[in-house]
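Asker: Pasting a structure below so you can have a look.
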RNA sequence: GCGCCUGUAGCUCAGCUGGAUAGAGCGUUGGUCUACGAAACCAAAGGUCAUGGGUUCGAAUCCCGUCAGGCGCGCCA
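Here's what the structure looks like:
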């Protein structure tokens, strides 16, 4: 797969392709069975060269020859290949039959030149078949604050969207507002009760209603808006009838206030959505019913026991699922199907939903439903994010929206800041349950890995700022700044390591996108920052021979851009000073 | 009971579509600021990769069993 600016001469990865070509020609010539993938990797150990392939170990059996003997033949073939020998300084047989390749410094110069020419787009992917993806995440009942679990999915989903976009896909993001149904009714009654209480009328929050303090503050806001104008109505009607206009008012106004707060909080967390999609109109405009009628007509849904069911079992679900209850009310599932039908009608190539682990039992039926609608089992991808265990100095804190016991996204941000929070939440793989100790996070915030990366960025900016006038002029002519392709200017180990690290960025972006793994970007950023720090320690940029200085300035510029990009992909700032 | 996720250093976690001596941050110990930012660098200590088997030239990685933890299994959302 070509990756934009990298599809040109001077790309380090070109060597991988060349090696793969030589090997595959060899296999064909010998008539051996082909191997699934010709692995060319970057060895962890520097003594093993810049690139290595274990392919001779795989071939030994079918070739009926000793791996080392094969490796020696491969070495000769590689050296005889003009394309490989042009970029390679040494090819060595090692260990049980590995072939290790060491790059020429001149090949590295070409790579730096290419990266510099790409400017801010360094690493940006170009897909042969870009997908228009709808990414839905967070999507909660708007009846209370966002807690740290939501914060995790927000950080993950947002980073994934940025990464997939940068990797060459087209991504639209959406927040589905579950503003309909029993939980919302319960919420409306809870707000109404607090409103009444604050005005001296003794109405109790329902048994299984929302007890949190935030409900009182919502009631307070409403009082400031409308005074006691709704009190009489509540006194007369009580809280029982959730559909009574009096209760309905509190549900809607309360939900609006929560949603506003949510939007603001996510916004300051660096998370925004292309669209906020409300569930309610799906019901009120008859689209839920319409979808069910359609499914009944096609035979995918059927009536039984006074309810309507969707035939999900043939699509991998444990049992068929109810769409309309015997009390004639549609299930949440029915609305979700109407919502996903809407998504499909908007013409996306692929749908991604990010859900919390507590919803994973819901996956088979949702996938079944989308398959029924789209006839494509791959259309909907559901990513399950594991939970966040919140600890305070080692002690587990249980969370419950209903009881109002939770640590909110806002509190997390207040404790450690947006950058540290986002970096931390996304550094761990999404399918790993995550332990977050607030006390620890507070204490370590100044030593959080995010600062390591940001520091490297700020340091580079500082170096570039300190360039003497005649060298600073280089920055306005990057073409002249870049080392000539083929120039042997990068001779020190730490320069080479940094270049190889930078050169891995395009590949990293593609992998992080395809594997839905933002945490790889975080890991890469830390690695690259480390490479830069070591480079900095060992290679002076200013005050050395002009040609050397010039090429190192080029390295700084590329490093700065890649680090800034990594941070941006994670929704973290790239400060110019700290 | 069934399904999904997980078990890697004292702690929090990477590494998982198989590759050479299993990594990082924090913590611990000891070094490095008279040149571009010490929020940094260098070094040391710390591991039966939960456990038992299997596949393979090669397994933390793939397969099966066991143990342990989390989540789910509704005409709730």
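In the working numbering, the protein residues as written are 557 to 1134. C-beta: ideal position from N, C-alpha, C; glycine also.
Is the distance from the Cβ of residue 724 to the Cβ of residue 765 below 7 Å?
Answerer: no
Asker: Give the secondary structure of residue 1046 by DSSP, where H, G and I count as helix, E and B as strand, and everything else as coil.
Answerer: Coil.
Asker: Within the region 607 to 661, note down every full beta strand (DSSP E) run reaching 3 residues or more, in order along the chain.
Answerer: Segments of the beta strand (DSSP E) lying fully in the region 607 to 661: 607 to 609, 644 to 650, 654 to 659.
Asker: So within the region 977 to 1027, which uninterrupted beta strand (DSSP E) runs reach at least 3 residues, ignoring any that extend past its ends?
Answerer: DSSP runs (the beta strand (DSSP E)) wholly in the region 977 to 1027: 990 to 993.
Asker: Suppose the cutoff is 7 Å on Cβ atoms and the five residues either side in sequence are ignored; what does the same chain contact list for residue 771 look like?
Answerer: The residues are 746, 747, 750.
Asker: Across which residues does DSSP place residue 728 in a beta bridge pair?
Answerer: 690
Asker: At which residue ranges does the region 714 to 800 contain complete alpha helix (DSSP H) runs of 4 or more residues, listed in the order of the chain?
Answerer: Here the runs fully enclosed are 738 to 754, 769 to 782, 787 to 793.
Asker: Would the region 655 to 666 and the region 703 to 713 be scored as touching if the rule is three or more Cβ pairs under 8 Å?
Answerer: Output reads no: the region 703 to 713 does not touch the region 655 to 666.
Asker: So residue 811 and residue 740 are in contact, right, with Cβ under 8 Å, and what is the actual spacing, rounded?
Answerer: 7 Å
Asker: Would you decide whether residue 827 is buried or exposed? Buried here means 16 or more other CB atoms lie within 10 Å of its CB.
Answerer: Residue 827 comes out buried.
Asker: Do residue 691 and residue 940 count as a contact pair if the criterion is CB distance below 7 Å?
Answerer: no
Asker: Within its chain, find whatever has a CB closer than 7 Å to the CB of residue 800; leave out the 5 residues flanking it on each side and keep chain order.
Answerer: Result list for residue 800: 793, in chain order.
Asker: With residue 1069 and residue 720 assumed to form a contact (beta carbons below 8 Å), what rounded beta-carbon distance in angstroms separates them?
Answerer: Yes, residue 1069 and residue 720 are in contact; Cβ-Cβ is about 5 Å, under 8 Å.
Asker: For the beta strand (DSSP E) containing residue 834, name the first residue and the last one.
Answerer: Where residue 834 is concerned, the enclosing beta strand (DSSP E) stretches over 831 to 834.
Asker: Counting Cβ pairs closer than 8 Å, one from the region 615 to 632 and one from the region 665 to 674, do we hit at least three?
Answerer: Counting Cβ pairs under 8 Å, fewer than three are found: no touch.
Asker: Is the beta carbon of residue 1065 sitting closer than 7 Å to the one on residue 679?
Answerer: Taking C-beta atoms as the reference points, residue 1065 and residue 679 count as a pair closer than 7 Å.
Asker: Apart from the five residues just before and just after residue 934, which ones in its own chain have a Cβ nearer than 6 Å to its Cβ?
Answerer: none
Asker: Near residue 610, what residues of its chain come up, given a Cβ to Cβ distance below 7 Å and the 5 sequence neighbours on each side ignored?
Answerer: 595, 654
Asker: Are residue 904 and residue 1012 closer than 7 Å when you measure CB to CB?
Answerer: No, these two residues do not count as a Cβ contact at 7 Å.
Asker: Kindly list the residues whose CB is nearer than 8 Å to the CB of residue 1082, restricted to its own chain and excluding five residues on each side of it in sequence; keep chain order.
Answerer: 1005, 1008, 1009
Asker: Between residue 986 and the rest of its own chain, which residues show a CB-CB distance below 6 Å, the 5 nearest in sequence each way excluded?
Answerer: Cβ neighbours of residue 986 beyond the five flanking positions: 712, 941.
Asker: Please list the segments of the beta strand (DSSP E) lying wholly inside the region 886 to 938, counting only runs of 3 or more residues, in order along the chain.
Answerer: 906 to 912
Asker: Taking only three categories from DSSP, how would you classify residue 1030?
Answerer: helix
Asker: Between the alpha carbons of residue 1044 and residue 665, how many angstroms are there, rounded?
Answerer: 7 Å
Asker: Under a Cβ-count criterion, where at least 16 other Cβ atoms within 10 Å of its own Cβ denotes burial, should residue 964 be classed as buried or exposed?
Answerer: buried
Asker: Check residue 1125 in the structure and name its three-state DSSP category.
Answerer: Of the three classes helix, strand and coil, the one that applies to residue 1125 here is helix, per DSSP.
Asker: Closest to residue 652 by CA distance: which of 686, 637, 616, 685 is it?
Answerer: For residue 652, the nearest C-alpha among the options comes from 616.
Asker: List the endpoints of the continuous beta strand (DSSP E) containing residue 945.
Answerer: 944 to 948
Asker: Is the Cβ-Cβ distance between residue 513 and residue 1104 less than 7 Å?
Answerer: Any property of residue 513 remains undetermined from this structure, which presents the chain solely from 557 to 1134.
Asker: For residue 640 and residue 667, what's the separation of their Cα atoms in angstroms?
Answerer: 15 Å
Asker: Do residue 625 and residue 588 have their beta-carbon atoms positioned less than 7 Å apart in this structure?
Answerer: no
Asker: Please report the residue range of the beta strand (DSSP E) in which residue 848 lies.
Answerer: Looking at the DSSP string, residue 848 is not in any beta strand (DSSP E); the run it does join, the alpha helix (DSSP H), is 843 to 854.
Asker: Exposed or buried, what is residue 602 when buried is set at 16 or more other beta-carbons lying within 10 Å of its beta-carbon?
Answerer: exposed
Asker: If I measure Cβ to Cβ from residue 929 and keep anything under 8 Å in the same chain, skipping five residues before and after, which residues do I get?
Answerer: 893, 896, 897, 900, listed in sequence order.
Asker: Is the Cβ-Cβ distance between residue 1014 and residue 870 less than 7 Å?
Answerer: In this structure, residue 870 does not lie closer than 7 Å to residue 1014 by Cβ.
Asker: Identify which residue in 867, 773, 842, 917 has its Cα closest to the Cα of residue 854.
Answerer: 867
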